[in-house]
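Q:
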Amino acid sequence: MIPYGRQIIEDDDIQAVVEVLKSDYLTTGPKIAEFERTVAGYVGTKYAVAVANGTAALHAACFAAGIREGDEVITTPLTFAASANCVLYCGGRPVFADVDPRTYNIDPEDIRRKITDKTKAIIPVHLAGQPCDMDAIHKIAREYRLVVIEDGAHALGASYKGKKIGTLSDMTTFSFHPVKPITTGEGGMVVTDQEELYRKLTLFSAHGITRDTNLLTENEGPWFYQQQELGFNYRITDIQCALGCSQMKKLDRFMARRRQLAKRYDRAFADEARIVSPYQLAQTDSGWHLYIIQTPGCDRKRMFETLRAKGIGVNVHYIPVYRHPYYRAHGYGDTCCTNAEQIYHSMISIPLHAGMTDKEQDFVIQSVKEAVANDECPQGIVER
Ligand SMILES: *Cc1c(COP(=O)(O)O)cnc(C)c1O
């Protein structure tokens, strides 16, 4: 099977992990701060907090943003459930704004329509690594005094108008799951320029406990610490961070290869009227996390099955979040975003990852073209 995404682990990555295993610290040691400094330095932010996974990063960011019971947070339905679940964890309510049919990213105009006096934050997701229309989102955020938390799980290394994703908003989260731009096995991070947010993020991801003498409300002695908030154990290990530091050295190389493969797909499909390639917003540099095509006039399910049968690890990113039974049962029974629905019914992610060979890609290209050519569906887009 040619997977839609996978990690690249090389000898020096393995060596970095082995060194930590032989050292004094498996967790809460120096590799964590080193990894945080490395990512913060790469994107260009003052602060970074490494945590157990990308979902924990989103949860910590919602906490730091002060999301609580009764608050509304606007996000996209075309994302992994974690982008909305993090709001529920804090007692808030995710509100889904529809997507732009060209980019599949959240539509700023629909954000504006979904704002109420309960709205506290916006969580834009850079789907497939393609940056959202951040200028328009920030304009709205300034107008209504909303916190902006970017879910950058797909977009480490991507940029918007020459600025790296991570530097644009109050907070940005990343994930280091094996299919993401770099990996630590499991892992996540929040980056920010704001000291107060940094303090809250750190507190939250370590039980809400502090030993900082400047923050203690009393101090009974050198052993003393206080739990000041209800936090979680969202710590990442030094083992993971050693891998992360090693992987960061390769991020630009991985990105260049992803970009090269994406351009090859673009060229291969350029003259195919029934294969719609990803649209790129001007002045953005995508992270090329996913290559999502639409095949108008084809039966998506049949296409999917045909490609899987050939050993091509196609996928669908994503089922609109409000469609999940948990959401349906919790007040989202009537929620429907028309563009997200239309895209969901016709989208397929084809393999794209830095370790993919030209030969593998040629096989994918050939197979997709054949599948489209053999799939006549006169009614247009049909779901069985
Ligand atoms: C992967 C992902 C997450 C969650 O990250 P984990 O590290 O798996 O917890 C959140 N949002 C998006 C868009 C993702 O793709």
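Numbering (my numbering), first residue to last: 911 to 1294. Yeah, the Cβ is synthetic: ideal placement off N, Cα and C, and Gly gets one too.
State the Cα-Cα distance for the pair Leu931 and Pro1034, rounded to the nearest angstrom.
A: Approximately 37 Å, taken between the alpha carbons.
Q: Give a single yes or no on whether Gly1243 has its beta carbon closer than 6 Å to a heavy atom of ligand 1.
A: Checking the Cβ of Gly1243 against ligand 1 gives no.
Q: Among all the DSSP beta bridges, which residues are the ones paired with Ser1069?
A: Paired residues: Lys1074, Asp1195.
Q: What are the partner residues of Arg1003, as DSSP defines its beta bridges?
A: Paired residues: Glu982.
Q: Indicate whether the contact test is met: 3 or more Cβ pairs, each with one atom in the stretch 1095–1106 and one in the stretch 1219–1239, closer than 8 Å.
A: Touching, no, given that fewer than three Cβ pairs across the two stretches are closer than 8 Å.
Q: For the putative contact between Val1009 and Val997, defined by C-beta atoms under 8 Å, what is the C-beta separation to the nearest angstrom?
A: Not a contact, Cβ separation roughly 18 Å.
Q: Any heavy atom of ligand 1 closer than 6 Å to the CB of Asn1143?
A: Result no, Cβ not under 6 Å from ligand 1.
Q: Below 6 Å, is the gap between the Cβ of Thr906 and the nearest heavy atom of ligand 1?
A: Lying outside 911 to 1294, the shown extent of the chain, residue 906 is not represented and no answer is given.
Q: Would Thr1120 and Leu1113 qualify as a contact pair, given that the criterion is a beta-carbon distance under 7 Å?
A: A contact, by the Cβ cut-off of 7 Å.
Q: Look up Ile1149 in the DSSP assignment and say whether it is helix, strand or coil.
A: If DSSP states are grouped into helix, strand and coil, Ile1149 belongs with the helices.
Q: If I measure Cβ to Cβ from Gln1190 and keep anything under 7 Å in the same chain, skipping five residues before and after, which residues do I get?
A: Excluding residues within five positions, the ones whose Cβ falls inside 7 Å are Gln1040, Ser1196.
Q: Would you say the beta carbon of Thr1147 is closer than 6 Å to some non-hydrogen atom of ligand 1?
A: No.
Q: Measure the Cβ-Cβ separation of Ile1146 and Gly1076 and say whether it is below 7 Å.
A: No, the pair does not count as a contact, with Cβ atoms beyond the cut-off.
Q: Quick one: Cα of Gln1150 to Cα of Thr1013, how far?
A: Rounded to whole angstroms, Gln1150 to Thr1013 spans 33 Å at the Cα level.
Q: Could you tell me the alpha carbon to alpha carbon distance between Gly1221 and Glu946, rounded to whole angstroms?
A: If you take the alpha carbons of Gly1221 and Glu946, they lie about 38 Å apart.
Q: Answer with buried or exposed for Gly951, where buried requires no fewer than 16 other C-beta atoms within 10 angstroms of its C-beta.
A: Exposed.
Q: Could you tell me the distance, in whole angstroms, from the CA atom of Thr1194 to the CA atom of Arg916?
A: Taking the straight line from one Cα to the other gives about 24 Å.
Q: Could you tell me if Ala958 is buried or exposed, where buried requires 16 or more neighbouring beta carbons within 10 angstroms of its beta carbon?
A: Buried: at least 16 other Cβ atoms inside 10 Å.
Q: Tell whether a beta-carbon distance below 7 Å holds between Ser1115 and Tyr1144.
A: It is a contact, given that the beta carbons lie within the stated cut-off.
Q: For the beta strand (DSSP E) containing Ile1222, list its first residue and its last residue.
A: It is not in any beta strand (DSSP E) - Ile1222 carries neither H nor E in the DSSP assignment.
Q: Evaluate contact between the stretch 1258–1265 and the stretch 1164–1184, counting only Cβ atoms and requiring at least three cross-stretch pairs below 8 Å.
A: Result yes; three or more Cβ-Cβ pairs closer than 8 Å.
Q: Which residue's Cα is closest to the Cα of Lys1159: Thr1245, Lys1073, Pro1091?
A: Of the candidates Thr1245, Lys1073, Pro1091, the one whose C-alpha sits nearest the C-alpha of Lys1159 is Pro1091.
Q: Would you say Pro1060 and Ser1085 are within 7 Å of each other, going by their C-beta atoms?
A: The identity of residue 1060 in the sequence shown is Glu, whereas the question assumes Pro. No, the pair does not count as a contact, with Cβ atoms beyond the cut-off.
Q: Taking a contact to mean a Cβ-Cβ separation below 7 Å, would you say Ile1202 touches Ser1259 in this structure?
A: Yes, Cβ-Cβ distance for Ile1202 and Ser1259 is below 7 Å.
Q: For a test of the three-state rule: what should DSSP assign to Glu1232, helix, strand or coil?
A: Looking at the sequence itself, residue 1232 is Tyr, so the reference to Glu does not match. Helix at Tyr1232.
Q: State yes or no: is the C-beta of Leu1056 within less than 7 Å of the C-beta of Ile1032?
A: Cβ atoms of Leu1056 and Ile1032: closer than 7 Å.
Q: Mind reading off the beta-carbon distance from Lys1028 to Ala1007? Whole number of angstroms is fine, and I expect it under 8 Å.
A: Not really, about 15 Å apart at Cβ, beyond 8 Å.
Q: Taking only heavy atoms of ligand 1 into account, decide whether any of them is closer than 6 Å to the Cβ of Asp993.
A: In the sequence as presented, Asp is not what sits at residue 993; that position holds Ser. Result yes, Cβ under 6 Å from ligand 1.
Q: Would you give the residue range spanned by the beta strand (DSSP E) that Leu1060 belongs to?
A: According to the sequence displayed, residue 1060 carries Glu and not Leu. Per DSSP, Glu1060 belongs to the beta strand (DSSP E) from 1057–1061.
Q: How would you call Thr1123, buried or exposed, if buried means at least 16 neighbouring beta carbons within 10 angstroms?
A: It is exposed - the Cβ of Thr1123 has fewer than 16 other Cβ atoms within 10 Å.
Q: Going along the chain, which unbroken runs of the alpha helix (DSSP H) with 4 or more residues stay wholly within the stretch 1237–1277?
A: Counting only runs of 4 or more, we get 1248–1254.
Q: Going by C-alpha to C-alpha distance, which of His1234, Ala1281, Gly1154, Pro1018 sits closest to Thr1216?
A: Looking at the Cα atoms, Ala1281 is the closest of the given residues.
Q: Please report the distance separating the alpha-carbon of Lys941 from that of Gly1154.
A: Lys941 and Gly1154: Cα-Cα distance of roughly 9 Å.
Q: Closer than 8 Å by C-beta to Asn914: which residues in its own chain qualify, once you throw out the five before and the five after it? Chain order, please.
A: A small fix is needed here, since residue 914 is Tyr in this sequence, not Asn. Cβ neighbours of Tyr914 beyond the five flanking positions: Val1089, Leu1200, Gly1223, Val1224, Asn1225, Ser1259, Ile1260, Pro1261, Leu1262, His1263.
Q: Start and end of the beta strand (DSSP E) containing Ile912?
A: No beta strand (DSSP E) holds Ile912; DSSP gives it neither H nor E.
Q: State the Cα-Cα distance for the pair Arg1294 and Thr1205, rounded to the nearest angstrom.
A: Low confidence applies to Arg1294: its pLDDT is 43, below 50, so where it sits in the model is not reliable, and the reading given next is rough at best. About 15 Å.
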